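Structure, as structure tokens:
In the working numbering, the protein residues as written are 1012 to 1210.
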């Protein structure tokens, strides 16, 4: 009888501890998200963009989002499990047929790996592309320098598929200058795609 009461008490204590853990974790996430949101709102005002604040309650909570004035570029804070990722999505002026994935992390891309003839791209990046000529055309020396400079030793992923460029890096970006630099990388990629389209 005494062990039954002890078991029930331990079960109740475990349930309470689990609930407290979930509540504290969600409050910490909200605080971090609130800090990023306030910085992004200031960035949007300074650049004439729109800021969409997160809304709703877990598990149906939306994410903070920056939208460019012309609507062709957006920046989104994405939560992948316990990790936060900043994702920039751009619709290029010209679309090319093919798919490409350039990353500093292990990839499960179902594309053939490509070795570039130009060695300007940081060797930390692995390039996957179908067709391989797409990578050669888009990863110009200007784009390679922009990607390498933006990486700054961290994880970075660039993907092109179905007329959409996606640039992702770890962390909820809190630095307006880094957002500007990410926009410059996206602009360099867009210029390279337009040049390749014109050929």
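From the three backbone atoms N, C-alpha and C, an ideal C-beta is built for every residue, glycine too. It should be emphasised that the depicted structure is a prediction, and the values quoted were computed from it without experimental measurement.
Comparing C-alpha positions only, which one of the options sits nearest to residue i?
i            : options                : result
residue 1195 : 1026, 1172, 1100       : 1100
residue 1125 : 1114, 1138, 1061       : 1138
residue 1156 : 1134, 1144, 1016, 1081 : 1134
residue 1177 : 1085, 1210, 1188       : 1085
residue 1114 : 1025, 1053, 1161, 1021 : 1161
residue 1064 : 1048, 1112, 1058, 1186 : 1048
residue 1145 : 1098, 1055, 1109       : 1109
residue 1191 : 1077, 1022, 1205       : 1077
residue 1166 : 1046, 1140, 1182       : 1182
residue 1188 : 1018, 1051, 1087       : 1051
residue 1075 : 1103, 1081, 1058, 1046 : 1046
residue 1186 : 1060, 1071, 1097       : 1097
residue 1210 : 1103, 1148, 1159       : 1148
residue 1123 : 1142, 1131, 1021       : 1142
residue 1089 : 1184, 1199, 1193       : 1184
residue 1060 : 1081, 1071, 1017       : 1081
With which residues is residue i paired in a DSSP beta bridge?
i            : result
residue 1168 : 1114, 1179
residue 1086 : 1077, 1099
residue 1062 : 1077
residue 1068 : DSSP output for residue 1068 lists no bridge partner at all.
residue 1105 : Answer is none; residue 1105 lacks a bridge partner.
residue 1091 : 1094
For residue i, collect the residues of the same chain with a Cβ closer than 8 Å to its Cβ; drop the 5 residues on either side in sequence, then sort them by chain order.
i            : result
residue 1202 : 1153
residue 1205 : 1103, 1104, 1105
residue 1128 : 1147
Could you give the first and the last residue of the continuous alpha helix (DSSP H) run that contains residue i?
i            : result
residue 1205 : 1187-1209
Taking 7 Å as the limit between beta carbons, can you name the residues of its chain near residue i, skipping five residues before and five after?
i            : result
residue 1208 : 1105, 1107
residue 1062 : 1051, 1052, 1055, 1077
residue 1118 : 1112, 1137, 1139
Here's a check: name, in chain order, each residue in its chain whose Cβ is nearer than 6 Å to the Cβ of residue i, leaving out the five neighbours to either side.
i            : result
residue 1168 : 1114, 1179
residue 1066 : 1073
residue 1111 : 1140, 1145, 1146, 1171
residue 1116 : 1166
Measuring only between beta-carbons, confirm whether residue i sits less than 8 Å from chain B.
i            : result
residue 1018 : Within the model displayed, chain B is absent; a lone protein chain is all it includes.
Would you list, in sequence order, the uninterrupted beta strand (DSSP E) runs of no fewer than 3 residues that lie entirely inside the segment 1113-1155? 1137-1141
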